[in-house]
Amino acid sequence: MKVLVINSGSSSIKYQLFDMTDESVLCSGLVERIGEDMGSLTHKVAPDTDRADRIVLEQPIADHEVGMRLAIDLICGEKGVVKDKSEISAVGHRIVHGGESFHHPTLVDDSVMEELAKVIPLAPLHNPGHLAGMRVARALFPTVPQVVVIDTAYHQTLPPKAYMYALPYDLYEELRIRRYGFHGTSHCFVAKEAARVMGRPFEEFNCITVHLGNGCSMTATENGRAVDTSMGITPLEGLVMGTRSGDVDAALHSFLHRSRGMTPEEVDFMLNKESGLKGLCGMGDMRDIHAAIAKGDERARLALDVQTYRNRKYIASFMGVLGRVDAIIFTAGIGENDSVVRSKSVENLERFGVKIDEKINDQRVSTPLRISTDDSEVQVWVIPTNEELAIARETKALIEA
Ligand code: AMP
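See the structure below:
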């Protein structure tokens, strides 16, 4: 079975075609700068093998339909990895926000499209692009089942005490203002992988998943169900990220309005694009921050300290949420690669049963790695995330059900 995974953004489309017999990637690609004067498509054949090959097209790409057609022409046909579109058994779509309507991967029909359109006010930057990609994919593959795998779905098991903000209740009733949580596909994938490598049934598994990439979030999972998470109604709340502030005092908006005359839009932009690591030291990429620290840059050191301190506070609070923690799992760009961040994020947690082995922590591998000591009560793991594979697996599971 071959499953095409599509992540369609406002001006880009990412795709991967999986052969689900061995979960290999047959090809992957990225269409960028849709709607701009000049667009591009980078298409990679067998990207994870030594037969890897790549094609780059530079041309104007007027809209999602043009972009998707260009990609399909490279995927299917004489020179494609499949000879005909009919060889593709299913399409899985990544969706950032499903509001409260979606608890599981769902087969796409007109009513699903309508539901996702209703959630646009909660995710104005993401859902319109997803819907544009889905419309084109449905037109190009009219007889192929299409599945939405939604980033907020994993967190729909949060209890009200975790998802409600302490605000006037009618805001929830009228506007569905609540914590939704994001990166759910990644949290679910690495939590299940950890249970698998530890030989534990997922339904009895308690863990804290720490997704540290450009965006950062943390989720507490109890008996295989998410019970709390750091991101909120939008992906701004919680941890310190590349350019996002994470938690700040909610009075900041009005304070900045009074003291600097900033509009709500300007404050939003600042919190999402000019804050986090970048706000503190001018660099949003952790690799640059380490290089600057090595040269004695104090602001870079501060940015590292602020991020890892916040991680530690959240880990400790989620330990309080769970009581028994079987594993803490680090994943995504920073979580998978940065031993310093991992080490500083669990500093001072020895008395809570968390001990890491610094020598193992320093190793770089691309497979799951346990970095805790043998006598650590809580196991600590590095588990590479793979959201596209997770979407392909969920898509396959749903259409076979
Ligand atoms: P992601 O969003 O998961 O792709 O993660 C992207 C982020 O991971 C980058 O902005 C970097 O801050 C970080 N990153 C990637 N590679 C490394 C590395 N080798 N060491 C430290 N941080 C890294």
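All the letters of the sequence shown, read from the start, carry residue numbers 2 to 402 under this note's numbering. Beta carbons: idealized from backbone N, C-alpha and C, even for Gly.
Segment contact, 8 Å Cβ cut-off, at least three pairs: the segment 71-79 with the segment 3-22:
yes
Taking 8 Å as the cut-off, does the segment 256-269 touch the segment 288-295 (at least 3 CB pairs, one atom from each stretch)?
no
Should Leu237 and Leu272 be called a contact, given that it needs their Cβ atoms to be closer than 8 Å?
yes
DSSP three-state label for Lys45, please.
strand
Cα-Cα separation between Glu88 and Phe142, rounded to whole angstroms:
11 Å
Ordered along the chain, which non-local residues of its own chain (more than five positions away) have a Cβ less than 8 Å from that of Ala53?
Lys45, Val46 and Ala47
Compute the minimum distance between the beta carbon of Asn362 and the heavy atoms of ligand 1, and state whether it is under 7 Å.
no
Beta carbon nearer than 6 Å to a non-hydrogen atom of ligand 1:
Gly214, Asn215, Gly243, Asp286, Met287, Arg288, Ala333, Gly334, Ile335, Asn338 and Asp339
Could you please give the first and the last residue of the uninterrupted alpha helix (DSSP H) stretch that includes Val379?
Val379 -> no alpha helix (DSSP H), and no H or E assigned at all.
Scan the segment 116-165 and note each continuous beta strand (DSSP E) run of 3 residues or more that stays entirely inside, going in chain order.
147-151
Asn338, enclosing alpha helix (DSSP H) - first and last residue:
Ala333 to Asn338
Environment of Lys397 [buried if 16+ CB atoms lie within 10 Å]
buried
Can you tell which of Val97, Gly100, His105 and Ser13 has its C-alpha closest to the C-alpha of Leu71?
Ser13
Taking one C-beta from the segment 142-158 and one from the segment 171-186 each time, how about it: are there three or more such pairs within less than 8 Å?
yes
Which term fits Arg352, buried or exposed, when burial requires 16 or more other beta carbons within 10 angstroms of its beta carbon?
exposed
Pull up the distance between the alpha-carbon of Ile35 and that of Pro129, whole angstroms please.
14 Å
Asp54 lies in the beta strand (DSSP E); which residues open and close that run?
Asp54 to Gln60
CB Val6 to CB Ile392, shorter than 8 Å?
yes
Provide the residue(s) that pair with Leu403 in DSSP beta bridges, ordered along the chain.
Examination of residue 403 is not possible in this model, given that the chain is present from 2 through 402 alone.
Helix, strand or coil for Gln17, going by three-state DSSP, please let me know.
strand
Secondary structure of Ala251, DSSP reduced to three states:
coil
Strand pairing of Gly30, partner residues [DSSP]:
Tyr16 and His44
Taking 8 Å as the threshold (C-beta atoms), are Ile335 and Trp382 in contact?
no
Starting from Ala293, trace the alpha helix (DSSP H) in both directions and tell me its first and last residue.
Met287 to Ala295
Regarding Glu267 and ligand 2, is the C-beta to nearest heavy atom distance less than 7 Å?
Ligand 2 is not among the ligands present in this structure, which contains only ligand 1.
Quick one: Cα of Leu300 to Cα of Val109, how far?
Looking at the sequence provided, one finds Arg at residue 300 rather than Leu. Answer to the nearest angstrom: the Cα atoms are 48 Å apart.
Just the C-alpha distance for Asn387 and Arg226, rounded to the nearest angstrom, thanks.
19 Å
From the DSSP secondary-structure annotation, give me the bridge partner or partners of His258.
In the DSSP output, where bridge partners are listed per residue, His258 has none listed.
Go ahead and label Gln147 buried or exposed: buried means 16 or more other beta carbons lie within 10 angstroms of its beta carbon, across all protein chains shown.
buried
Would you mind stating whether His131 and Val97 have Cβ atoms separated by less than 8 Å?
yes
Is it a yes or a no for the segment 215-235 touching the segment 315-326, going by three-plus beta-carbon pairs under 8 Å?
yes
Under three-state DSSP, which class holds Glu223?
strand
Between Met2 and Pro369, what straight-line distance do the alpha-carbon atoms span, to the nearest angstrom?
26 Å
Do you know how far the Cα of Val341 is from the Cα of Arg302?
12 Å
Count the other CB atoms within 10 Å of the CB of Asp339; is the residue buried (16 or more) or exposed (fewer)?
buried
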